[in-house]
Amino acid sequence: MKWDRRSPFARQGVMMVRASFFVTGVLLIAFSGCSCSPTPPPLTTGPASNAGQLFDLIQREDIEGASQLILEDPTVFSASDAPEVFQYSEDEFAALSHTYRTELMSKVLIVVGQVKTVVRGMIEKADQLQADGHDEEAEKYREAVRDFGHALNSDEHLLVFRQMGTAFEQVGKQ
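In structure tokens, the structure reads:
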């Protein structure tokens, strides 16, 4: 007797084989565990370094205190002891688990708003100093904003910080 692929028994057999492959695949995926990278520890504000102090001042929106630290060292967030949100490159960020990326990005967006507030305050201070005739002091503020932006605009930071850094560089030049 010749086997006919069009027979109902043949089709049923093929469907059973496919179903068993599907079930086996689902079970392998379900019980093999996730191949994602482990979730890093929770975000911290960093040690009591200049970077940690600046991060705390920025989170509290202490514009004057944060401005003074940025004036002293505009590259502070490029240091190895910078707060965690400033330590990820795009490639490192992409390698994180989806859950942690989502958590980190929500914190990054908050920090972006806080940093913009501080830099806006520095620019307003520079404008006021210039209006009062203190051109040299005003230029120090603008130069610090430019240098801070330049430090953020590097491959060691997330794209959102790099874009913000580019904007700060432009604003500091005006």
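So the sequence shown is residues 119 to 292, counted in the numbering used here.
Glycine is no exception: its CB is placed at the ideal position from the N, C-alpha and C atoms.
Taken atom to atom, the span from the alpha-carbon of Thr235 to that of Thr220 is near 23 angstroms. In the structure shown, the three-state DSSP call for Asn271 is coil. Straight-line spacing of the CA atoms in Ile181 and Leu175 works out to 7 angstroms. Ranked by Cα distance from Ala244, the first of Pro201, Gln186, Ser215 and Asp273 is Gln186. Shown here for Gly183: same chain residues with a beta carbon closer than 7 angstroms to its own, the five before and five after excluded, namely Leu175 in chain order.
From the listed residues His275, Gly251 and Val263, the smallest Cα separation to Val289 is found for Val263. For Phe279, the CB contacts under 6 angstroms within the same chain, skipping 5 residues up- and downstream, are Leu270 in chain order. Spatial neighbours of Gln177 in its own chain (CB-CB distance under 7 angstroms, excluding positions within 5 residues in sequence) are listed in chain order as Gln232.
Its chain contains Ala169, Phe204, Ala269 and Leu270 as the residues whose beta carbon lies nearer than 7 angstroms to that of Phe195, once the 5 sequence neighbours on both sides are disregarded; these appear in chain order.
A direct Cα-to-Cα measurement between Glu190 and Glu255 gives close to 13 angstroms. Taking C-alpha positions only, His216 is separated from Ser224 by approximately 12 angstroms. Relative to the Cα of Asp265, the nearest Cα in the group Gln281, Val229, Asp253 and Phe286 belongs to Phe286. When C-alpha distances from Gly267 are compared across Gly251, Lys291 and His252, the shortest belongs to Lys291. Per DSSP, Ser196 is not a residue of any alpha helix (DSSP H), being assigned neither H nor E.
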